[in-house]
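Residue numbers (this note's numbering): 38 to 324. Where is the CB? At the ideal position from N, CA and C, for every residue including glycine. Written below as structure tokens is the structure these notes are about.
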């Protein structure tokens with residue numbers, strides 16, 4: 038890499054209000070010393086979670102020409118990071134991006150659903166195509182709903198045992214990735230944890246977090262963004278997971294303390310300076 042910050046090609050939607058997708062990815066990775074080059078898949082007035090009729094413009098026709106322009110310019114990226122995708126054409130473009138930058142860290146956040154339900158933009162073909170994208174990834178960051186969808190199994194409404202968690206993580210990596218991280222899993226011992234598997238080393242990891250009785254949009258985007266920044270700094274998988282978990286836990290607790298409308302997202306702005314530090318506030322353990 039040249040003497041410059043690491044560069045991430047972020048293929049995500051841009052929601053103007055609600056703190057999610059590119060509006061959290063850009064500041065978080067910038068605070069971690071990483072240059073973000075946004076390639077929006079769609080522009081929305083707000084996120085789609087209970088904020089009324091959303092104005093949305095699909096940008097499928099923009100993505101492929103933008104990639105071609107970057108290729109002509111010879112721009113290099115250390116990471117290609119994909120999130121919400123609105124259709125099969127966008128998955129084709131993401132696969133093209135991974136092919137253009139084979140040495141880049143390929144991070145796929147397979148945004149497909151939550152709380153046991155698929156998002157309304159998802160159908161059987163999109164789920165199948167997301168599997169193609171996951172197969173080309175180095176790192177994937179599904180929540181438990183998305184992990185079940187990728188594995189073509191019913192959603193688990195009961196807490197996970199450690200044996201079940203390890204099985205899911207291993208099978209996710211059998212789809213292609215080197216690292217699989219399942220976010221926000223309810224464990225049988227009562228803990229909420231982020232779970233990870235390093236396929237090459239055969240090591241399973243867990244980072245616990247305190248439960249807060251509220252759900253905010255954009256938390257998956259925040260977690261994956263800090264994880265990406267950690268990897269680009271040279272973190273191991275468990276250290277990157279601990280860094281992301283610690284930042285998210287703190288900002289969620291602070292937001293909850295102000296009784297902010299959950300639809301407005303996590304108030305991370307006051308704590309973003311913490312990401313400049315190399316210190317990690319959370320501990321991690323073997324799963």
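{"Item": "With DSSP as the reference, please indicate the residues paired to residue 243 in a beta bridge.", "Value": "232, 322"}
{"Item": "What residue from 177, 137, 159, 181 has the CA that sits closest to residue 144's CA?", "Value": "177"}
{"Item": "Give the straight-line distance between the Cα atoms of residue 292 and residue 279, rounded to the nearest whole angstrom.", "Value": "20 Å"}
{"Item": "Buried or exposed for residue 189, going by 16 or more other Cβ atoms inside 10 Å?", "Value": "exposed"}
{"Item": "How many whole angstroms separate the CB atoms of residue 81 and residue 50, which I take to be in contact at a CB cut-off of 8 Å?", "Value": "6 Å"}
{"Item": "Would you list the residues sitting across from residue 40 in a DSSP beta bridge?", "Value": "Residue 40 is not bridged to any residue."}
{"Item": "Measuring CA to CA, which of 237, 75, 185 is closest to residue 214?", "Value": "237"}
{"Item": "Can you check whether the CB of residue 149 is closer than 8 Å to the CB of residue 13?", "Value": "Residue coverage of the chain in this structure runs from 38 to 324, which leaves residue 13 outside it and unanswerable."}
{"Item": "Counting only runs of 3+ residues fully inside the segment 114-188, write out the beta strand (DSSP E) ranges in chain order.", "Value": "116-119, 142-145"}
{"Item": "Roughly how many angstroms separate the alpha carbons of residue 97 and residue 161, rounded to a whole number?", "Value": "20 Å"}
{"Item": "Is the beta carbon of residue 288 closer than 8 Å to that of residue 303?", "Value": "yes"}
{"Item": "Would you kindly report the start and end of the unbroken beta strand (DSSP E) that includes residue 79?", "Value": "79-83"}
{"Item": "Using a Cβ-Cβ cutoff of less than 6 Å, which residues in the same chain neighbour residue 198 once the five nearest sequence positions on both sides are dropped?", "Value": "225"}
{"Item": "Tell me where the alpha helix (DSSP H) around residue 107 begins and ends.", "Value": "97-110"}
{"Item": "Nearest CA to the CA of residue 319: which residue from 220, 103, 301, 276?", "Value": "276"}
{"Item": "Within 10 Å of its beta-carbon, does residue 102 have 16 or more other beta-carbons around it, so buried, or fewer, so exposed?", "Value": "exposed"}
{"Item": "Could you compute how far the alpha carbon of residue 68 sits from the alpha carbon of residue 264?", "Value": "13 Å"}
{"Item": "Given 7 Å as the limit, tell me if residue 119 has its C-beta closer than that to any heavy atom belonging to the ligand SAM.", "Value": "Absence of the ligand SAM is noted for the structure shown, with no ligands found whatsoever."}
{"Item": "Less than 8 Å between the beta carbons of residue 131 and residue 122, yes or no?", "Value": "yes"}
{"Item": "Measuring only the C-alpha atoms, how far is residue 95 from residue 57?", "Value": "17 Å"}
{"Item": "In this structure, how does DSSP classify residue 270 when only helix, strand and coil are distinguished?", "Value": "helix"}
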